[in-house]
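In what follows, a single structure is set out as structure tokens and then discussed.
Protein chains in written order, with full-length UniProt numbering: chain S, 1 to 559; chain E, 1 to 559.
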């Protein structure tokens, strides 16, 4: 994947967090920011808290690239990222501070796998978005579950806080320390334990990179049941810990269904082996579910058992123009009926999005200009059948009032070009000015009402208010652009947008989790009884609170 | 469904529990047992503890029918079912006993919906299998969540034990009281709250009967994502509380994926509203998962939000003969490849099963006699495509060494006849003599090894050792028949069979749960760390232990 596709959409996470950040990209500034010389300017900006909130996406992209290239050199410094504890004014909890005897213990346990060099540690202290930065002085690289167990047992006894870390691709500040938590990396836990080519069940260590797993499976005729922009870096353990969604959710469901078993090390070092590879097992409570999506706050996932679907033999795409959102919904119903089991994506975008990709990226609208567009993907075992189904469907919807125009693709280049119209919206948005972005779940029939409502509410205060997203999953990306950042515009959007979502029992974080930056907004999506229960689970499983502190749940004092 | 299809398979639950029961059916005795006059004999047998363990299935069937017909009359007495507390020698926990003031409170809260008449209470005190019987003196029928909340708040304060009850179709003694627990029925909580015809999300109260929900959905072009033999009686709340599996699991996955939200009342009466109808929501821990499959021991499910798939337009069936189990497995792989997304069932049976249905039920083997048979069902949106796929698949496997013969069905009568070969195995088994039955999950490649192993181990001590089941779900039904009940044969099977399953990380209860009768066997499928954690959850959520006591988990003293 292009890094941009990961970085751009991530930025919206800043909006609505504390503090709220916005993105901006002036096309004319791109060439400037591409120069290494801009680094001094980055550093200057970062020392100014207010300006630091106004991140330029193209700058972000460069930093990411540079940081990646210079990961283990001392030539590149990340001083431009303010320390989280300073920017967010967080109070350090009374954990012990790491001592020489602690280091001696770790070095004895993991010879050569205890990183204390300040330069080496830098990229592990900073998140992908360069928005939060911890000041950990130790990174541990266990290879086995037993080592993780011994580390956590020791840390729990010594009251040392721990930050579990996978590929560090999280978007809500959940994967890096806030203070000096010990970083416990799954980087070396990258072994595939077994694959059953009959059942399609893969068992592997938590540190396996998603893309590597896919590459391992594809020659065997299987694929991972999830696919993400960050697949080249993210670890399967991190995917599970954050309940990652992604592009295949409509077809294969969430990790709650596909993850069959987990091995987890608890805060006190005890190993919970629920690594069964069974589709049916009703012997007691399903403990693994509690760890899926717990963002490393309840235990550290060390191994995963996951059900992998067969690799589809054929993929087809249709791009359609719809006269209204009501027609988008009716087309979705027809689509589910006529395409049924081969439907693998149903994405929508409004005309505002199309205008942005045309204007800023010079992409061409392949169909008649319309208020809405729909992208439908099918994945199946028989290309002839799938194409026939799509053609019949297309004939039907175009013969009715649902769709005014459409085009079909079944070969790589055209498929890619059609997907680009949808996938590059975020990129086009950043070229339109300052972007206020929201990633929310809503009941599907309410999905676009929020956009319409926001257009009326903001009126001329916004440059553009557009909506697109995974309609099939009830996942809307609401975007507001403006010429420049304005507190009054932000105040007009928030907390109105969260209240709106809350009113329809929607989710203020569809798939990215709460991490450090969204934990204070949980009450918009969860009742207080649920939050209280979550806090009780946390206390029960991690009484000293050493696992990924300051994340996911607000403390009782913060509520 | 025929009641027999529910009762016969249930009986195996007795094997391996305390005490272990066995089934026996001599065809010649059927006519005798069908006479009402046999009731006196039933009563006589039931007073004799040892004989009571030896249930006759045909007798069971009659009792079920009679009990159902006379549910609210005083003409039929259920004295033949021993009290659980006597048969299993359980110690009553120190809960309060219900008083007149308690009854006054309930009558005030639920006017006319407090049942205390002994005759009326009988069927709610006894399980479907007539194997366990409580002695509750009160049944409460709330209509609303608020009423459930008030009941539980009161019971928790007064230390009164409660037995949540849905359709009372559970097979492990989980749905009826052990002593005098108050029965809290979902019987009147049968309202559909909403159905979204775009997303297919249904929200309803816990007491809706599964079949009624299906009948509500079918005209709308949808089906429930689960289907069970007990669908005519079971409640969706009970399905969720027991994580029911059933016939559609291979295609639509488990309830852990399809249940999107729950409303649960906790032991202290607090209402946990996690009834969201969202496919994506990562705001904190997924609490609902803990209640799915917790068998009413952690909270009472009062409402369910569930994702319903489209009703398939076409259903096809293939019945194939395979020369070995290895070929059964290879056919499964080919099947997943060539049928892919339309595959909805992959069942297998060995030659022993076929001989039993031929001999005892006079069914005809439609294909060449072989060591193994496979039944494949497809469900799809386009009948022509589905038939083509199945034909191509059949040509391929019959052209190779995988399959020696096969037949295809796409119309109702022939489909039913082919399904009967697989569905009526349990019935045929009961006509073969005493049956020792086991319902287990195993890694799919190990599935038949247990049967082979058991054949060698038991040799002539057994009349028949056969295996069949849901290969696609890794779910094996192992069955051993003998001319008469023998402790030595049972001892040769158990605990060997559980140890065997445990060795391959299998499950000793694939889908029926642990309830009252299997809770002592949990350690064969779950490590002690997991059991300990489950006990901690129980204590945290229900400190007084009032919710469905004596069920699911062994107490620490019992371990």
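Virtual Cβ for every residue (Gly too), placed ideally from N, Cα, C.
Inter-residue CB distance, residue i and residue j (contact presumed, cutoff 8 Å)
{"i": "residue 403 of chain S", "j": "residue 320 of chain S", "result": "5 Å"}
{"i": "residue 184 of chain E", "j": "residue 140 of chain E", "result": "5 Å"}
{"i": "residue 281 of chain E", "j": "residue 441 of chain S", "result": "6 Å"}
{"i": "residue 105 of chain E", "j": "residue 154 of chain E", "result": "6 Å"}
{"i": "residue 243 of chain E", "j": "residue 254 of chain E", "result": "7 Å"}
{"i": "residue 351 of chain S", "j": "residue 370 of chain S", "result": "7 Å"}
{"i": "residue 251 of chain E", "j": "residue 381 of chain E", "result": "Incorrect: roughly 13 Å between the Cβ atoms, too far for contact."}
{"i": "residue 305 of chain S", "j": "residue 260 of chain S", "result": "5 Å"}
{"i": "residue 237 of chain S", "j": "residue 172 of chain S", "result": "Not a contact, Cβ separation roughly 17 Å."}
{"i": "residue 421 of chain S", "j": "residue 377 of chain S", "result": "Rounded, the Cβ-Cβ distance is 13 Å, inconsistent with contact."}
{"i": "residue 293 of chain E", "j": "residue 491 of chain S", "result": "That belief does not hold up - the Cβ atoms of residue 293 of chain E and residue 491 of chain S are roughly 45 Å apart, past 8 Å."}
Contact list for residue i against chain S, beta-carbon separation under 7 Å
{"i": "residue 552 of chain E", "result": "284"}
{"i": "residue 341 of chain E", "result": "341, 342, 380 and 381"}
{"i": "residue 299 of chain E", "result": "Residues of chain S passing the Cβ test: none, with the nearest at roughly 10 Å."}
{"i": "residue 293 of chain E", "result": "282, 285 and 286"}
Interface residues of chain S facing residue i [CB-CB closer than 8 Å]
{"i": "residue 221 of chain E", "result": "337"}
{"i": "residue 443 of chain E", "result": "196, 199, 201, 277 and 278"}
{"i": "residue 495 of chain E", "result": "What residue 495 of chain E touches in chain S: nothing, since even the nearest Cβ is about 15 Å away."}
Contacts that residue i makes with chain E (C-beta to C-beta distance below 8 Å)
{"i": "residue 468 of chain S", "result": "Near residue 468 of chain S there are no residues of chain E at all, since even the closest Cβ is about 15 Å away, more than 8 Å."}
{"i": "residue 505 of chain S", "result": "275, 276, 277 and 278"}
{"i": "residue 385 of chain S", "result": "382, 385, 388 and 389"}
Opening and closing residue of the alpha helix (DSSP H) in which residue i lies
{"i": "residue 252 of chain S", "result": "249-252"}
{"i": "residue 353 of chain S", "result": "351-361"}
{"i": "residue 528 of chain E", "result": "528-541"}
{"i": "residue 398 of chain E", "result": "383-399"}
{"i": "residue 286 of chain S", "result": "Looking at the DSSP string, residue 286 of chain S is not in any alpha helix (DSSP H), and its letter there is neither H nor E."}
Burial state of residue i (16 or more Cβ within 10 Å)
{"i": "residue 543 of chain E", "result": "exposed"}
{"i": "residue 472 of chain S", "result": "buried"}
{"i": "residue 426 of chain E", "result": "buried"}
{"i": "residue 62 of chain S", "result": "Any reading at residue 62 of chain S must be qualified, since the residue scores a pLDDT of 28, below 50, and its modelled position is unreliable; no value is offered."}
{"i": "residue 23 of chain E", "result": "Only weak support is given to the placement of residue 23 of chain E: the predicted model assigns it a pLDDT of 35, under 50, and the question is left unresolved by the model."}
{"i": "residue 75 of chain S", "result": "Note that residue 75 of chain S has pLDDT 35, beneath the 50 cutoff, so the model's placement of it is unreliable and the number below is only indicative. Exposed, by the Cβ-count rule."}
{"i": "residue 541 of chain S", "result": "buried"}
{"i": "residue 392 of chain S", "result": "exposed"}
{"i": "residue 555 of chain E", "result": "exposed"}
{"i": "residue 546 of chain E", "result": "buried"}
{"i": "residue 215 of chain S", "result": "exposed"}
{"i": "residue 25 of chain S", "result": "Reliability of the predicted coordinates at residue 25 of chain S is poor, the pLDDT of 35 falling under 50, and the value obtained from them is presented with this limitation in mind. When all chains shown are included, residue 25 of chain S counts as buried."}
Check whether residue i and residue j have beta carbons under 8 Å apart
{"i": "residue 228 of chain E", "j": "residue 246 of chain E", "result": "yes"}
{"i": "residue 164 of chain S", "j": "residue 125 of chain S", "result": "no"}
{"i": "residue 498 of chain S", "j": "residue 524 of chain S", "result": "yes"}
{"i": "residue 190 of chain S", "j": "residue 127 of chain S", "result": "no"}
{"i": "residue 295 of chain E", "j": "residue 241 of chain E", "result": "yes"}
{"i": "residue 85 of chain E", "j": "residue 222 of chain E", "result": "no"}
{"i": "residue 586 of chain E", "j": "residue 262 of chain S", "result": "For chain E, the structure presents residues 1 to 559; residue 586 of chain E sits outside this window and is missing."}
{"i": "residue 415 of chain E", "j": "residue 315 of chain E", "result": "yes"}
{"i": "residue 275 of chain S", "j": "residue 303 of chain S", "result": "yes"}
{"i": "residue 116 of chain S", "j": "residue 132 of chain S", "result": "no"}
{"i": "residue 256 of chain S", "j": "residue 256 of chain E", "result": "yes"}
Proximal chain E residues relative to residue i, where beta-carbon distance stays under 7 Å
{"i": "residue 332 of chain S", "result": "198"}
{"i": "residue 253 of chain S", "result": "253 and 257"}
{"i": "residue 482 of chain S", "result": "Those within 7 Å of residue 482 of chain S in chain E number zero; the least Cβ separation is about 27 Å."}
{"i": "residue 457 of chain S", "result": "Under the 7 Å cutoff, chain E gives no residues; its nearest Cβ is about 24 Å from residue 457 of chain S."}
Per-residue contacts from residue i into chain E (C-beta, under 9 Å)
{"i": "residue 177 of chain S", "result": "Ordered by position in chain E, no residue passes the 9 Å Cβ test against residue 177 of chain S, which lies about 21 Å from the chain."}
{"i": "residue 413 of chain S", "result": "Those do not exist, as residue 413 of chain S stays about 25 Å from chain E at its closest Cβ, beyond 9 Å."}
{"i": "residue 473 of chain S", "result": "278, 279 and 280"}
Partners in chain S for residue i, counting only beta-carbon separations shorter than 9 Å
{"i": "residue 514 of chain E", "result": "282, 283 and 284"}
{"i": "residue 527 of chain E", "result": "271, 272, 273 and 274"}
Bounding residues of the beta strand (DSSP E) (the contiguous stretch that carries residue i)
{"i": "residue 436 of chain E", "result": "434-441"}
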